[in-house]
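Quick mapping for you: the protein sequence lines, in order, are chains A and B. According to the working numbering, the first sequence is numbered sequentially starting from 299. According to the working numbering, the second sequence is numbered sequentially starting from 3. The beta carbon of each residue, even a glycine, is placed where N, CA and C say it ideally should be. Working notes for the structure below.
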Amino acid sequence: MTLSKRNILSLSLTDKRLARLLGGCALLAALVVVLILGFLLGESWPVLHHAPLTHFFTDASWHPTQHLYNVMPMLTATLLSSLGALLLAGPLGIASGLFMHYYAPPRLAGVYRRLIELLAGIPSVVYGFWGLVTLAPLVGRLHPPGVSLLTAILVLALMVLPTVALIADAALAAIPAAYLRGAAALGLSRWGMIAGVALPAARTGLVSGLLLATGRALGETMAVLMVAGNAVQQPHSLFDSVRTLTANIALEMAYAMGDHRAALFVSGLALMLLVLILVGMADVFQRKATYA
Amino acid sequence: MLKNRLATVLIWLSAALICAVFVCLLADMLRNGLPRLSWSFLSQAPSDAGRAGGIAPIIVSTGLIVLVAVSAAAPLSLATAILLSEFSSPNSRFCQVIERSLEVLAGVPSIVFGLFGNAFFCIYLGLGFSILSGGLTLACMALPIMINTATVGLRSAPDDYRLCAAALGMSRGAALLHLLLPAAAPAIIAGLMLGIARAGAETAALIFTSGYVDRMPDTLMDSGRALSVHIYDLAMNVAGGDANAYASALVLVVLLLIINSLASSLTQHWLRNRIMTS
Chain A
299 MTLSKRNILS LSLTDKRLAR LLGGCALLAA LVVVLILGFL LGESWPVLHH
349 APLTHFFTDA SWHPTQHLYN VMPMLTATLL SSLGALLLAG PLGIASGLFM
399 HYYAPPRLAG VYRRLIELLA GIPSVVYGFW GLVTLAPLVG RLHPPGVSLL
449 TAILVLALMV LPTVALIADA ALAAIPAAYL RGAAALGLSR WGMIAGVALP
499 AARTGLVSGL LLATGRALGE TMAVLMVAGN AVQQPHSLFD SVRTLTANIA
549 LEMAYAMGDH RAALFVSGLA LMLLVLILVG MADVFQRKAT YA
Chain B
3 MLKNRLATVL IWLSAALICA VFVCLLADML RNGLPRLSWS FLSQAPSDAG
53 RAGGIAPIIV STGLIVLVAV SAAAPLSLAT AILLSEFSSP NSRFCQVIER
103 SLEVLAGVPS IVFGLFGNAF FCIYLGLGFS ILSGGLTLAC MALPIMINTA
153 TVGLRSAPDD YRLCAAALGM SRGAALLHLL LPAAAPAIIA GLMLGIARAG
203 AETAALIFTS GYVDRMPDTL MDSGRALSVH IYDLAMNVAG GDANAYASAL
253 VLVVLLLIIN SLASSLTQHW LRNRIMTS
């Protein structure tokens, strides 16, 4: 390899070759998304092209063997469990961020941050297992059978909490110190400073954290699959057994054939589009944060 | 004033609640998992659908799947990171398209990766239910986090290095090889670790790509059961498998904790050095 070159203003030939090679690799990495979308579309095409989309909302029920593909109960379960998880994990996660920055002594804050990071590293199947053997019996004592929408919400909340907490932590750390000093100089109380200065200043970061957490909750499979009970029905109470879109794919892919398989790919496509929208929104918010 | 007090109490309470739940979870894992854990558990094959015996073939399969994932994803992500940080300006169109697509990739749910892996690697490429298809699926999943960490590491290497290299007439390739990559090595390795952790924790993407078979794999084309899939199977499909599920979960959690804390201590150590030298 040549270590030196004569003209330092333009890339040497080897560097040009290297750049082209790297460009090819990067393109390959970027193409994975296109490939995923393409294969999802290709596999779901058999159902999409000979039946209108309304099919998935107006059929009598989800009975793939009789060509009935109503995904509404599953869609409802997915949305409800994610919403519930967000309602629980959102405030708790933001409170954790505030705790680390404005309440805990520095050493405790460090330990707490470590703990949240550990929590973020625990795999979803372990959360699901723990929910199944510990949480579900507890909920079952309240109202049998225990595996229910409520259990799913609790486990999901525990899972997305670290995401919210760590992003809230980063957003709060990015607030200019001058803002906080100004608030202190005005003699605001601690909560006054948080509610009046810190939270509004970190607003965009917090919202994008919540959006990312929602994306995680919507896409989570294992934890929900293990604790939600998996009966296909519209939930009428928190204690009803439900099946989410993701759990449905995991349960039925093993034996699905033909149109049934295609219908599962359609639900995968729908999930991916939902998550894409959320990521896009989070992105817009983050962009606003950098230019504000 | 009352509001201030109330907020203080509520925030301390929520932090305490989170700590309590976490301690509960860990204590539960340790209490139920440790008694089963022994050398023979780690070195024996499972018997009676996993109720008895150990997890040796499952650990080997997990290791192979992660190895395939990392060896496919690492070169690709390193190349992409170098391109993003050294060979294109962050504002260029190409760069932004790649970064956007990686952002989207990071958000794709794992079950969708499973569907894709099944359709593409298992059926379209004809790899079947095998460790290879599982590993390649996980490689796609681990790409965004590995690229991201390596890019951040390379971008935060001081510009002095680049200027000095240019002043000495070094080619870009040489500057990378001798200066920038060594400087960013801890970040690149941390990215690798995070990718390994992401791959090791995955379940949903593996069920339909690497399969359920719990025998010792002979080649990469054999189906192999990952540790996380083993936990799922024992908990959901095998009555009376809870004790072994606990022990397997403990093994998985401990492995992931070690990898994650290695990654975070690497980045922290590296940051401290950076601050001291600059």
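- Under the Cβ criterion (8 Å, minimum of three pairs), the stretch 327 to 344 of chain A counts as touching the stretch 563 to 570 of chain A.
- Secondary structure at GLY527 (chain A): strand, using DSSP grouped into helix, strand and coil.
- For ASP30 (chain B), the C-beta contacts it makes with chain A under 7 Å involve TRP428 and THR432, in order along the chain.
- Taking C-alpha positions only, LEU574 (chain A) is separated from PHE337 (chain A) by approximately 16 Å.
- Judged by pairs of C-beta atoms under 8 Å, the stretch 23 to 42 of chain B touches the stretch 247 to 261 of chain B, as three or more such pairs exist.
- Check the Cα spacing between ALA418 (chain A) and each of A:GLN532, A:THR542, A:ALA511 and A:ARG315: the tightest is with A:ALA511.
- Excluding sequence positions up to five before and after LEU433 (chain A), its CB lies within less than 8 Å of the CB of THR449, LEU452, VAL453 and VAL525, all in the same chain and listed in chain order.
- Taking CB atoms only, CYS166 (chain B) has no neighbour in chain A less than 8 Å away.
- Remark: C-beta atoms of ALA515 (chain A) and SER380 (chain A) approach each other more closely than 8 Å.
- Considering only beta carbons, no part of the stretch 151 to 163 of chain B lies closer than 9 Å to chain A.
- By the neighbour-count criterion, in which 16 or more other beta carbons inside 10 Å mark a residue as buried, GLN584 (chain A) falls on the buried side.
- With contacts defined as CB atoms closer than 8 Å, GLY226 (chain B) and VAL215 (chain B) qualify as a contacting pair.
- Inside the stretch 76 to 150 of chain B, DSSP marks no whole beta strand (DSSP E) run of 3 or more residues.
- By the rule that beta-carbons nearer than 8 Å mark a contact, THR519 (chain A) touches chain B.
- Cβ atoms of LEU390 (chain A) and SER16 (chain B) come within 8 Å of each other, at about 5 Å.
- LEU194 (chain B) sits away from ALA108 (chain B), with the two beta carbons spaced by 8 Å or more.
- In the three-state DSSP reduction, TYR248 (chain B) falls in the helix class (H, G or I).
- ILE547 (chain A) and ILE113 (chain B) have their C-alpha atoms some 8 Å from each other.
- Contact of GLU341 (chain A) with chain B by beta-carbon distance below 7 Å involves ALA121.
- When only Cα atoms are considered, ASP313 (chain A) and LEU523 (chain A) end up about 50 Å apart.
- Residue state for HIS353 (chain A) is assigned as helix, using DSSP reduced to three classes.
- The residues SER135, GLY136, LEU138, THR139, CYS142, ALA207, PHE210 and THR211, in chain order, have a CB closer than 8 Å to that of GLY119 (chain B) in the same chain once the five nearest residues on each side in sequence are set aside.
- DSSP places GLY202 (chain B) in the helix class (H, G or I) of the three-state scheme.
- Taking CB atoms only, THR312 (chain A) has a neighbour in chain B less than 8 Å away.
- Closer than 8 Å to the CB of GLU550 (chain A) there is not a single CB belonging to chain B.
- Annotation: GLY503 (chain A) to GLY395 (chain A) spans about 12 Å, alpha carbon to alpha carbon.
- A Cβ of chain B is located within less than 8 Å of the beta carbon of GLY321 (chain A).
- Annotated as proximal: MET218 (chain B) and VAL62 (chain B), with beta-carbon spacing under 8 Å.
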